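Each residue of the sequence shown is one higher than the one before, counting from 0 in my numbering.
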Amino acid sequence: MSGAAPSPSGGHRITVPLLAISDATAAILLAADLLVVCGSVLLRFLFNAPVEWADDVARGLMVGSSFFGAASALARSENLGVAFFIDRLPAGIRRLIDSVGALLVAVIAGYVAFNALKLGWLTTGQTSGSGLPLELTFYPMGAGALFMTIFAFEVFCSRPLRVMIAGAVAAGLIAGLYLAWDFVAPASVPSPGVLMLVGFFITLFGGLPIGFALALAALIFIWVEGTLPGVIFAQQMARGIDNFVLLAIPFFILVGYLMEANGMCRFA
């Protein structure tokens, strides 16, 4: 769902400096990741001396840069979503759905931040295969998600007050209806898997950014299932990103920007 991006000339006094910090942190982590990977490759190729901790550090840096980069993208409303269906609704309904979506993004980001920081605390003293502290992966992730939460909340608050209230009431009614259904006739409530799929497609077609629609689907399963701890959600998010092969994605984009900057991709 589209949200208003913070305007440097507007009243976003909190978001603007935090956005600069988020951009700088993401850039520093990405640059450090590039140095670690390139250094490890060169040492392996030239001196046959691989750096044992390079893979763990590179994956951890990617997790941190991904979340700070995602926070910056959220602040600028650059997240991709499906707007085909919501754009065909009346303006009043569209504003209501957009407000509900902005509130859901803030809730999801806050849930991720809380559980990532909690997971960092729980893994204090534990190490990876190369001996590096595990919390060094989860604390940057939690910090990036915390930035994301602040940005998401300010995007939600950028709407008129009555639209914000209507969105909060609508979200509360949906949650209340499910809880009442589960209390009155629990045997007729669909399984967590069915509710997960229904929630995913409804929010996706409602314009929620694709990444947050996927995250909300997973959260619906966790909340409805009731036995899985929230830290599992943060852990699986980190594990889905800290794949060494996925480092090709930001590096490929970085090379594209460098080619554009030095004129290699320009045609006469």
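Glycine residues also receive a C-beta, built at the ideal position from the N, C-alpha and C atoms. Just so you know, these numbers come straight off a predicted model, no measurement behind them.
DSSP three-state assignment for residue i, whether helix, strand or coil
i	result
Thr-126	strand
Pro-49	coil
Pro-132	strand
Pro-249	helix
Leu-203	helix
Val-337	Past the edges of the chain, shown from 0 to 267, lies residue 337, and the structure says nothing about it.
Gly-2	Residue placement at Gly-2 is poorly supported in this model, since its pLDDT is 44, which falls under 50; the coordinates still yield a value, given next. If DSSP states are grouped into helix, strand and coil, Gly-2 belongs with coil.
Ser-76	coil
Gly-225	coil
Ser-64	helix
Met-195	helix
Beta carbon of residue i nearer than 8 Å to that of residue j
i	j	result
Asn-286	Ala-233	No statement about residue 286 is possible, as the shown extent of the chain runs from 0 to 267 and does not include it.
Met-140	Ala-237	yes
Ile-107	Ala-25	no
Val-36	Leu-246	yes
Leu-172	Gly-100	no
Gly-143	Phe-250	no
Leu-42	Pro-49	yes
Ala-69	Ala-105	no
Asp-241	Val-62	yes
Distance between beta carbons of residue j and residue i, contact taken as under 8 Å
i	j	result
Ile-96	Gly-205	5 Å
Met-195	Phe-220	4 Å
Ser-98	Ala-165	6 Å
Leu-28	Ser-64	4 Å
Ser-129	Glu-51	5 Å
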